[in-house]
Amino acid sequence: MPYVTATICIPGVQGSNQCATVDHMQLDTGSVGVRVLGSALGSALAGRLPKQSGATDDPTGNASIAECAVFGSGYTWGSIKRADVTIGGKTAGNMPLQVIADDQYATPSDCQSRGVYNLGSATALGANGVIGIGPAQRDFPAAAQTVLPSAYYYCTSATSCTSTRVPLDTQVMNPVADFTSDNNGTIIRLPALPAGGQASVTGELVFGIGTQKNNAMPSQPNILALDQYGYFSTTYKGNTFSSAIDSGSNANIFADYTVPYAGDWYVPTTTLSLSAMLTGADKAASVNVPFSLANGWTLLASQYAAYDSLGSPSAGMFIWGLPFFFGRSVYTVINNVVVGKQPAPFIAF
Numbered sequence: 006m007p008y009v010t011a012t013i014c015i016p017g018v019q020g021s022n023q024c025a026t027v028d029h030m031q032l033d034t035g036s037v038g039v040r041v042l043g044s045a046l047g048s049a050l051a052g053r054l055p056k057q058s059g060a061t062d063d064p065t066g067n068a069s070i071a072e073c074a075v076f077g078s079g080y081t082w083g084s085i086k087r088a089d090v091t092i093g094g095k096t097a098g099n100m101p102l103q104v105i106a107d108d109q110y111a112t113p114s115d116c117q118s119r120g121v122y123n124l125g126s127a128t129a130l131g132a133n134g135v136i137g138i139g140p141a142q143r144d145f146p147a148a149a150q151t152v153l154p155s156a157y158y159y160c161t162s163a164t165s166c167t168s169t170r171v172p173l174d175t176q177v178m179n180p181v182a183d184f185t186s187d188n189n190g191t192i193i194r195l196p197a198l199p200a201g202g203q204a205s206v207t208g209e210l211v212f213g214i215g216t217q218k219n220n221a222m223p224s225q226p227n228i229l230a231l232d233q234y235g236y237f238s239t240t241y242k243g244n245t246f247s248s249a250i251d252s253g254s255n256a257n258i259f260a261d262y263t264v265p266y267a268g269d270w271y272v273p274t275t276t277l278s279l280s281a282m283l284t285g286a287d288k289a290a291s292v293n294v295p296f297s298l299a300n301g302w303t304l305l306a307s308q309y310a311a312y313d314s315l316g317s318p319s320a321g322m323f324i325w326g327l328p329f330f331f332g333r334s335v336y337t338v339i340n341n342v343v344v345g346k347q348p349a350p351f352i353a354f
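Residue numbering for the sequence shown follows my numbering, beginning at 6 and increasing consecutively.
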């Protein structure tokens, strides 16, 4: 997984006892918003961050908001608080974030039923938190108009949380969109890997696209327009799937039952050279992308941190995970902006 370090502070206040610097925050283009374990902040700071209230359906008007965020591997539950978040010298001020497993409110049963696994610890999450830098400003815009199942709640007591609509300005937010500059997207740059993977990798996270000399778009990029959910399509062996590019997944996740698999991983007898066609939501452009698929259990036996040929079977979407990023610069542009002549949201590489 790609990790970054973030400093999280009480809004408008600096100082060692007002902030926590949290390492091993997973960098995730497949989600939106900052989510940090209460244990990584420390109970004292987590308790002092101002609560987020203002749920649309809250009759009191001041009940705390909490969230159930569902990922492919499970769910996170915790309060929504406000904080200043600094990453790489850029600060998102007074923004809503989720404090995971802060033990303020009992997890609703419908949240537990949505995710197969509780990600409320560093061991379960594989990180101290998540920095979601997907192609949207807020994590669930539809929740401003509709009560979504197992999403946002207002909590009137430690044991009573009720599903609710929440205004956009109270929702968990993409930190990049809250920067005062270089706030229209991100670039992740990772080097190519040798066959079999690598023990560790250092890459770059660049803020802004087309705003500085170091973040210009290439002269002939591959551009994939995204739909309102952040999806494009992938056609693989004659079948077309909804698709996303997700740095938070450690493998390419797709369906090909002509390839043997064991548990979570594909296990071909030899490394396969495959390809798929990626098409933007506007169908204006398609690009053929080659990729490799190796025996997952053989790869993982090395206990390396990075692999570019790891694959996992799934009958749903085609998820281009972290293997897609190696050897590329991948641009994620946040909705409601235009870069060059291309309206966002879009992915480019």
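We put the CB at the ideal spot given by N, CA and C, even for glycine.
These numbers were taken from a predicted model, which means no experiment stands behind them.
Can you give the Cα-Cα distance for residue i and residue j, rounded to whole angstroms?
i: Asp33; j: Val90; result: 16 Å
i: Pro113; j: Asp183; result: 30 Å
i: Ala149; j: Gln217; result: 34 Å
i: Leu54; j: Met100; result: 11 Å
i: Thr164; j: Gly137; result: 28 Å
i: Gly253; j: Pro140; result: 14 Å
i: Gly83; j: Tyr262; result: 38 Å
i: Tyr312; j: Ile250; result: 16 Å
i: Ala25; j: Ser44; result: 11 Å
i: Pro273; j: Thr284; result: 27 Å
i: Thr303; j: Val18; result: 49 Å
i: Ala88; j: Asn179; result: 13 Å
i: Gly326; j: Gln109; result: 33 Å
i: Thr245; j: Leu229; result: 15 Å
i: Cys116; j: Tyr158; result: 10 Å
i: Asn257; j: Phe323; result: 8 Å
i: Gly131; j: Leu42; result: 11 Å
i: Ala299; j: Pro16; result: 47 Å
i: Ala129; j: Ala204; result: 21 Å
i: Gly77; j: Pro223; result: 32 Å
What do you get for residue i, buried or exposed, if any count of 16 or more other CB atoms within 10 angstroms of its CB means buried?
i: Met282; result: exposed
i: Ser69; result: buried
i: Val343; result: exposed
i: Ser21; result: exposed
i: Asn67; result: exposed
i: Thr185; result: exposed
i: Gln142; result: buried
Please name the residue in the options whose C-alpha comes closest to that of residue i.
i: Asn219; options: Ala256, Ala230, Asn227 and Ile193; result: Ile193
i: Ala71; options: Gly20, Ala60 and Ile352; result: Ala60
i: Leu153; options: Pro172, Gln142, Ser162 and Val135; result: Pro172
i: Thr169; options: Asp63, Cys116 and Ala204; result: Asp63
i: Ser248; options: Met222, Phe351, Ala221 and Ser307; result: Phe351
i: Ala197; options: His29, Pro328 and Gln142; result: Pro328
i: Val75; options: Phe259, Ala127, Tyr122 and Asn188; result: Tyr122
i: Met3; options: Ala51, Lys56, Thr12 and Gly202; result: A question about residue 3 goes unanswered here, because the residues of the chain that appear run from 6 up to 354.
i: Leu50; options: Leu195, Lys86 and Gly301; result: Lys86
i: Thr276; options: Ser297, Gln142 and Lys288; result: Ser297
i: Gln225; options: Asn341, Gly52 and Ser334; result: Ser334
Enumerate in chain order the residues of its own chain whose CB-to-CB distance from residue i is below 6 Å, with the five nearest sequence positions on each side excluded.
i: Arg40; result: Thr81, Gln103, Ile105, Gly134 and Val135
i: Gly190; result: Ile214, Thr337, Val338 and Ile339
Looking only at its chain, what residues have a beta carbon closer than 7 Å to the beta carbon of residue i, apart from the 5 residues adjacent to it on each side?
i: Leu231; result: Pro140, Phe237, Ala286, Pro350, Phe351 and Ile352
i: Cys14; result: Gln23, Cys24, Ala88 and Asp89
i: Ala260; result: Pro318, Ser319 and Ala320
i: Ile92; result: Val9, Ala11, Ile136 and Pro180
i: Gln347; result: Ile228
i: Phe330; result: Ile193, Leu195 and Ser252
Apart from the five residues on each side of it in sequence, which residues of its chain come closer than 8 Å, Cβ to Cβ, to residue i?
i: Ser126; result: Leu42, Ser44 and Ala106
i: Gln31; result: Met6, Pro7, Tyr8, Leu130, Gly131, Ala132, Gly134, Val135, Ile136 and Gly253
i: Gly345; result: Gly215 and Met222
Count Cβ pairs between the segment 225-245 and the segment 197-212 that sit closer than 8 Å; are there 3 or more?
no
How do the segment 219-238 and the segment 263-278 stand: do at least 3 beta-carbon pairs fall below 8 Å, yes or no?
no
Could you tell me whether the segment 283-294 touches the segment 308-322, where touching means 3 or more Cβ pairs closer than 8 Å?
no
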